[in-house]
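What follows is one structure encoded as structure tokens, with my remarks underneath.
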Amino acid sequence: MPTIEVSFKDFQSLVGKKLPRNHEKLWDLLLYIKSEVEELHGDDFKIELADTNRPDLWCVEGLARALKGALKLEKKIPIYKTNTSRLVLKADKSVNKARPFIAAAVVKDLKFDENIIKQLIQLQLKLDTTYGRNRKKSAIGIYDFDKIVFPVTYKTIKPDGISFIPLGFEKRMTPEDILKEHPKGLEFGKIIQDFKKYPILVDADNKVLSMPPIINSNDVGKVTEETRNVFIEVTGTNMSTVLGALNIVTSALADRKGKVFNVKIDYGRKKLNTPVFKSKLIYVNTNSIKNRLGLDLPKKEITSLLERARFNIKSYNKDFITVEVPFYRTDVMHEFDIIEDIGIMYGYENIKSENIEISTKGELLESTHYKNKIRDLVCGMCYQELLNYTRVDKEILFNQNCIEIANPIGTRMNCLRNELLPVNLLFLSRNTHNEYPQRVYEVGKVFIKEKNEVVEEDRLCILSCHSDADFTEMKQAVEWLLNNLKIKHDIKEFEHEAFIKGRCAGISFKNKIIGWFGEVHPSALVRFGLENPACALELKIEKIK
Amino acid sequence: MDALANILDSLHEFEKRLLLVLENPLSVERAVELSGLNHIEIMRGAQWLSNKGLVLIKEKKVQNVSLTNRGEETVKKGLPELRLLELLIEKNNQSFNDLREKAGFDNNEFNKAVGFCKNNGFVSINNGLISVNDSGRDYLKSEESKTKILKDLNQGKKVKQSPELAELEKRGLIINEEKIEREIITTPLGIQVLKRGVDLDRKLLERNTAKIIKSKDWESNDYRRYNVSELVPKKYYGKKQPYLEFIEGIKQKLLSLGFKEMTGPNVENNFCNCDALFMPQDHPARGVHDIFFIKEPVYDNLKEFKNFIKKVKKAHEKGIKGSTGWKVDFNTDFTKMLILRSQGTAASARMLMDKDLEIPGKYFGIQRVYRPDVIDRTHLPEFNQLEGIVLGEGLNLRSLFGLLRMFAEEVAGIKKYKLMPDYYPYTEPSVSLHGYFQGRWIELGGAGIFRKEVTEPLGIKVPVIAWGLGFDRMFMSQYGLKDIRSMFCEDINWLRDAEVIK
Numbered sequence: 000m001p002t003i004e005v006s007f008k009d010f011q012s013l014v015g016k017k018l019p020r021n022h023e024k025l026w027d028l029l030l031y032i033k034s035e036v037e038e039l040h041g042d043d044f045k046i047e048l049a050d051t052n053r054p055d056l057w058c059v060e061g062l063a064r065a066l067k068g069a070l071k072l073e074k075k076i077p078i079y080k081t082n083t084s085r086l087v088l089k090a091d092k093s094v095n096k097a098r099p100f101i102a103a104a105v106v107k108d109l110k111f112d113e114n115i116i117k118q119l120i121q122l123q124l125k126l127d128t129t130y131g132r133n134r135k136k137s138a139i140g141i142y143d144f145d146k147i148v149f150p151v152t153y154k155t156i157k158p159d160g161i162s163f164i165p166l167g168f169e170k171r172m173t174p175e176d177i178l179k180e181h182p183k184g185l186e187f188g189k190i191i192q193d194f195k196k197y198p199i200l201v202d203a204d205n206k207v208l209s210m211p212p213i214i215n216s217n218d219v220g221k222v223t224e225e226t227r228n229v230f231i232e233v234t235g236t237n238m239s240t241v242l243g244a245l246n247i248v249t250s251a252l253a254d255r256k257g258k259v260f261n262v263k264i265d266y267g268r269k270k271l272n273t274p275v276f277k278s279k280l281i282y283v284n285t286n287s288i289k290n291r292l293g294l295d296l297p298k299k300e301i302t303s304l305l306e307r308a309r310f311n312i313k314s315y316n317k318d319f320i321t322v323e324v325p326f327y328r329t330d331v332m333h334e335f336d337i338i339e340d341i342g343i344m345y346g347y348e349n350i351k352s353e354n355i356e357i358s359t360k361g362e363l364l365e366s367t368h369y370k371n372k373i374r375d376l377v378c379g380m381c382y383q384e385l386l387n388y389t390r391v392d393k394e395i396l397f398n399q400n401c402i403e404i405a406n407p408i409g410t411r412m413n414c415l416r417n418e419l420l421p422v423n424l425l426f427l428s429r430n431t432h433n434e435y436p437q438r439v440y441e442v443g444k445v446f447i448k449e450k451n452e453v454v455e456e457d458r459l460c461i462l463s464c465h466s467d468a469d470f471t472e473m474k475q476a477v478e479w480l481l482n483n484l485k486i487k488h489d490i491k492e493f494e495h496e497a498f499i500k501g502r503c504a505g506i507s508f509k510n511k512i513i514g515w516f517g518e519v520h521p522s523a524l525v526r527f528g529l530e531n532p533a534c535a536l537e538l539k540i541e542k543i544k
Numbered sequence: 000m001d002a003l004a005n006i007l008d009s010l011h012e013f014e015k016r017l018l019l020v021l022e023n024p025l026s027v028e029r030a031v032e033l034s035g036l037n038h039i040e041i042m043r044g045a046q047w048l049s050n051k052g053l054v055l056i057k058e059k060k061v062q063n064v065s066l067t068n069r070g071e072e073t074v075k076k077g078l079p080e081l082r083l084l085e086l087l088i089e090k091n092n093q094s095f096n097d098l099r100e101k102a103g104f105d106n107n108e109f110n111k112a113v114g115f116c117k118n119n120g121f122v123s124i125n126n127g128l129i130s131v132n133d134s135g136r137d138y139l140k141s142e143e144s145k146t147k148i149l150k151d152l153n154q155g156k157k158v159k160q161s162p163e164l165a166e167l168e169k170r171g172l173i174i175n176e177e178k179i180e181r182e183i184i185t186t187p188l189g190i191q192v193l194k195r196g197v198d199l200d201r202k203l204l205e206r207n208t209a210k211i212i213k214s215k216d217w218e219s220n221d222y223r224r225y226n227v228s229e230l231v232p233k234k235y236y237g238k239k240q241p242y243l244e245f246i247e248g249i250k251q252k253l254l255s256l257g258f259k260e261m262t263g264p265n266v267e268n269n270f271c272n273c274d275a276l277f278m279p280q281d282h283p284a285r286g287v288h289d290i291f292f293i294k295e296p297v298y299d300n301l302k303e304f305k306n307f308i309k310k311v312k313k314a315h316e317k318g319i320k321g322s323t324g325w326k327v328d329f330n331t332d333f334t335k336m337l338i339l340r341s342q343g344t345a346a347s348a349r350m351l352m353d354k355d356l357e358i359p360g361k362y363f364g365i366q367r368v369y370r371p372d373v374i375d376r377t378h379l380p381e382f383n384q385l386e387g388i389v390l391g392e393g394l395n396l397r398s399l400f401g402l403l404r405m406f407a408e409e410v411a412g413i414k415k416y417k418l419m420p421d422y423y424p425y426t427e428p429s430v431s432l433h434g435y436f437q438g439r440w441i442e443l444g445g446a447g448i449f450r451k452e453v454t455e456p457l458g459i460k461v462p463v464i465a466w467g468l469g470f471d472r473m474f475m476s477q478y479g480l481k482d483i484r485s486m487f488c489e490d491i492n493w494l495r496d497a498e499v500i501k
């Protein structure tokens with residue numbers, strides 16, 4: 000869940016109302032905007048956001064906007080105006096092969112301070128990371144507008160075709176250098192490194208603005224407390240994401256009393272003015288509200304709740320409400336998304352819960368039931384039950400034919416266990432300083448590669464380690480267990496790397512080997528650092544059901 | 000019965016014999032002499048008496064000198080060089096062979112003794128005859144003490160520490176070592192018991208045997224009383240894993256509430272883990288940093304789901320009636336990829352596609368799930384999730400609240416709880432359950448109604464509530480665990496000692 004850090008005072012002033020500092024009271028308010036108080040120390044306010052699908056709430060401005068509606072300080076969709084400008088951004092067709100989409104806006108008359116800049120950077124980071132899928136789908140660039148000569152051009156360039164000073168550096172670098180040396184180039188270079196030419200953004204004087212989605216230039220691509228007017232662009236691989244990201248940043252700055260101007264994106268044949276502050280219409284069935292929430296609400300109340308949730312109502316008849324959804328709500332795709340907001344504004348504490356009158360018979364899976372019986376039996380045989388990991392280091396397995404994990408954490412725990420015995424020996428290896436005898440068992444899954452398919456098998460392993468552990472002890476255990484389960488079986492000679500030759504037996508059931516037991520081989524004991532003799536059983540449970 | 004009588008009835012024969020001969024203080028050796036018991040019996044009796052508070056055992060370190068086998072032989076024959084001198088003093092000028100025969104030494108010893116005396120100038124040899132001189136006579140006199148030590152030791156007398164002992168020890172004739180000597184001292188309670196009368200003839204039954212039972216000895220005799228508070232060696236028996244037992248308890252509650260168990264594989268495919276749940280394929284939680292992928296085989300054949308794939312793909316790319324969908328490309332190879340299940344909801348998706356699905360129905364499953372988190376106090380790359388579904392006509396947000404209330408009260412046993420708006424990619428609305436547990440708010444779980452984009456492509460016409468409960472934190476609280484790793488405990492002692500929670 001994303002967490003954002005805001006100034007409590009700033010938040011309060013954006014909401015326009017004194018907010019309680021008491022944790023629980025504040026928490027109750029934040030519920031309206033699906034958030035929680037993570038920390039509040041002085042002015043430092045950390046908010047945990049539950050909704051990872053609402054990028055409009057990932058900034059203090061957006062949170063304040065939504066909270067104002069919930070607290071009835073404002074209602075309906077706030078009005079955002081875009082002023083017309085003659086600013087043009089030319090998009091060269093060569094970008095189609097690299098990073099095809101761009102949208103831009105200009106916001107003027109801003110009064111930046113340290114906090115507002117911090118908030119802006121935080122929003123940019125959150126949008127790039129999550130909404131923009133680590134800058135792949137969309138990435139935002141913000142510049143000092145007054146240092147740019149329009150028209151701006153978005154094009155591609157050879158890896159060594161231009162050089163500029165990237166943000167945070169002092170020397171000029173080519174795009175190629177940046178991918179090799181700049182930390183951002185190393186982090187995000189994989190997005191563009193396979194292209195023949197890299198995206199670049201230059202102004203009319205051929206001054207580099209940025210190399211999207213990697214890094215801005217050091218002079219124009221920096222916002223300071225002196226900056227009054229900003230140029231914002233978003234590039235990416237998905238047009239609606241690009242427009243969505245631009246809308247969220249622009250509306251946040253508009254909430255800071257900035258004046259928004261549009262930019263004409265010239266794709267050659269196609270031209271588009273951005274930002275597109277265009278709301279969409281969603282039809283909400285009045286029955287759906289009743290059915291989904293279980294609340295039969297009068298029209299007046301639904302209207303008020305929708306307006307508090309900052310939707311507009313275009314029309315309202317008996318069956319349908321035509322709801323206008325603000326442009327910054329990128330999450331709404333179905334009437335249920337709006338209905339949930341009606342419920343939240345109504346207040347969950349006001350909704351009476353209702354018992355579910357579905358009468359069904361509780362039942363365990365047959366396999367669970369059977370496994371429980373076996374666990375009871377083995378427990379009665381004085382073994383201690385274990386719960387081990389299913390991921391293991393390949394090197395501990397006796398049989399190297401196993402299911403490997405393509406992306407393990409580091410090099411350890413790189414495959415799935417194909418037998419239970421090794422993990423149980425591993426457990427004992429961590430307890431050599433504790434009292435013996437040590438008798439343990441586990442009922443669990445193993446994973447086997449069979450004809451290029453993964454087979455999951457329930458198994459039982461029992462393992463006994465002490466100075467007198469021998470074949471007889473294990474055979475007694477096996478006979479007791481199988482007799483109680485009424486498994487008519489034969490004991491056959493069997494070989495397994497983990498056991499001493501001639502002291503290992505296979506359990507044959509309906510002419511299939513369903514398990515094996517015997518005295519653990521000294522080479523296995525030594526490998527696991529065990530000094531006492533051990534005997535063990537491994538049994539396929541599913542095969543005997 | 001009074002306390003002294005109880006004590007008397009608890010005395011073993013060894014204890015009685017020992018008590019009866021006790022002088023104050025009494026050495027163990029003396030006790031052996033007086034009681035007719037051997038050393039081991041005395042020591043056991045003394046220990047038992049001491050456990051009962053009737054005697055004290057006082058230990059002191061003493062230097063103990065004893066003869067070796069060679070030393071004992073030497074006592075009989077004398078030290079070779081001294082014996083030689085003695086024989087010569089009796090009769091001077093004797094031949095080698097005569098002397099050796101008289102002395103009864105072997106060649107080697109005899110030669111050594113002659114060599115020693117000659118080198119020290121105690122004897123002189125002329126024409127094969129040996130004669131002793133004055134210094135030889137003096138030496139014999141000065142060495143009498145050594146002979147005496149050996150003789151004393153042989154007679155069981157104590158010898159004092161002296162410089163001669165070192166030489167005798169060096170020659171392998173004696174052992175001079177530190178030993179612990181024990182003395183037994185009767186306590187006032189012991190004296191009281193003695194005064195009451197220790198009766199050697201009173202027969203008490205010892206270890207119960209089949210023979211005793213058959214003989215009916217127990218009709219006429221009492222059993223000797225045991226000290227029931229005496230410590231016994233620890234022994235470990237069979238026991239279930241505490242965390243699994245905790246889960247078992249939750250399962251029982253769910254069964255009693257009418258839930259049926261469902262399951263799914265740990266090695267899952269992308270389709271059931273995410274796609275069928277309407278999580279867009281470019282969702283941030285679907286990359287290599289959030290899900291473990293399988294190296295080989297890479298793909299599942301998705302045979303049993305082939306009727307659903309097309310419909311799910313359409314819902315992702317183009318939406319369903321009334322929904323725009325994600326408008327994100329749906330890759331049919333990616334959906335086949337094998338992974339380690341990252342959420343228990345995968346089993347719910349499978350249940351919805353199962354031909355045996357009952358409508359209305361209530362299901363639960365406890366699933367092992369995997370996330371590539373680095374292991375630490377609060378993160379495990381492998382853990383268990385309890386998830387399920389409830390489906391049927393007429394389910395809505397209020398019934399969802401009812402379900403969470405039931406979980407809080409019936410399953411978690413919590414009175415104070417809170418329901419909060421939340422977000423899950425596959426449910427709308429989504430609600431989380433927070434409970435006030437042992438002085439603080441913890442998230443206990445969540446639930447939501449599956450989006451139409453989930454249920455419609457799977458052919459489900461009724462509302463489906465999806466729910467999940469996080470019981471790990473409750474388990475940790477109950478066991479006072481600070482570290483989540485304890486659930487897969489690697490310490491056998493913790494497992495042996497862990498409380499069995501009601």
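Sequence order for the protein chains is A and B.
Under numbering that gives the first Met the number 0, think of the first position of the first sequence as 0, with each following residue one higher.
Under numbering that gives the first Met the number 0, think of the first position of the second sequence as 0, with each following residue one higher.
Where a beta carbon is used, it is the ideal one built from N, C-alpha and C, also for glycine.
Quantities reported herein were computed from a predicted structural model and do not represent experimental measurements.
Note: Phe-100 of chain A is bridge-paired with A:Gly-235 in the DSSP secondary-structure output. One alpha carbon belongs to Gly-44 of chain B, the other to His-11 of chain B, and they sit about 8 Å apart. Cβ proximity to chain A below 8 Å picks out Asp-281, Pro-283, Val-287 from the stretch 273–287 of chain B.
By the Cβ neighbour-count rule, Ala-2 of chain B is exposed, with fewer than 16 other Cβ atoms within 10 Å of its own. Exposed is the label assigned to Ala-203 of chain A, since fewer than 16 other Cβ atoms lie within 10 Å of its Cβ. In this structure Leu-468 of chain B touches Leu-385 of chain B by the C-beta definition: roughly 5 Å separates them, less than 8 Å.
For Asp-471 of chain B, not one C-beta of chain A is nearer than 8 Å to its own C-beta.
In summary, Asn-5 of chain B is exposed, with fewer than 16 beta-carbon neighbours lying within 10 Å of its beta-carbon over all protein chains present. Taking a beta-carbon distance threshold of 8 Å, Thr-262 of chain B counts as an interface residue toward chain A. DSSP, read as helix, strand or coil, puts Gln-437 of chain B in coil. If you ignore the 5 residues before and after Asp-274 of chain B, its C-beta comes within less than 6 Å of the C-beta of Val-311, Thr-334, all in its own chain and listed in chain order. Between Lys-259 of chain B and Gly-360 of chain B, the beta carbon gap of about 7 Å places them in contact (Cβ cut-off 8 Å). Against chain B, the beta carbon of Arg-390 of chain A has neighbours under 9 Å at Phe-291, Leu-339, Tyr-369, Pro-380, Glu-381, listed in chain order. If you keep only unbroken beta strand (DSSP E) runs of at least 3 residues inside the stretch 481–519 of chain A, you get 489–492, 498–508, 511–519. Taking every protein chain shown into account, the CB of Asp-295 of chain A has fewer than 16 other CB atoms within 10 angstroms, so this residue is exposed.
The beta carbon of Asp-336 of chain A is closer than 7 Å to those of Asp-330 in its chain, skipping five residues each way along the sequence.
Residue contact check for Phe-100 of chain A against chain B: no CB pair falls below 8 Å.
Distance from the CA of Ser-216 of chain A to the CA of Asp-281 of chain B, rounded to the nearest whole angstrom, comes to 29 Å.
With a threshold of 8 Å between beta carbons, Ala-49 of chain A makes contact with chain B. Each of A:Thr-234, A:Asp-112, A:Gly-267 was checked against the Cα of Thr-226 of chain A, and the nearest Cα belongs to A:Asp-112.
Of the residues assessed, Arg-268 of chain A falls on the exposed side of the cut-off, its CB having fewer than 16 other CB atoms within 10 angstroms. Following the DSSP letters along the chain, one finds Thr-302 of chain A inside the alpha helix (DSSP H) bounded by residues 298–307.
Here Tyr-130 of chain A carries a helix assignment [DSSP, helix/strand/coil].
Membership of Asp-27 of chain A in the alpha helix (DSSP H) is indicated by the continuous run 22–29.
For the stretch 409–443 of chain B, residues whose beta-carbon sits nearer than 8 Å to a beta-carbon of chain A comprise Leu-418, Met-419, Pro-420, Asp-421, Tyr-422, Pro-424, Glu-427, Pro-428, Ser-429, Val-430, Ser-431.
Residues are counted here when their Cβ sits less than 9 Å from a Cβ of chain A; for the stretch 310–330 of chain B these are Gly-318, Ile-319, Gly-321, Ser-322, Thr-323, Gly-324, Trp-325, Lys-326, Val-327, given in chain order.
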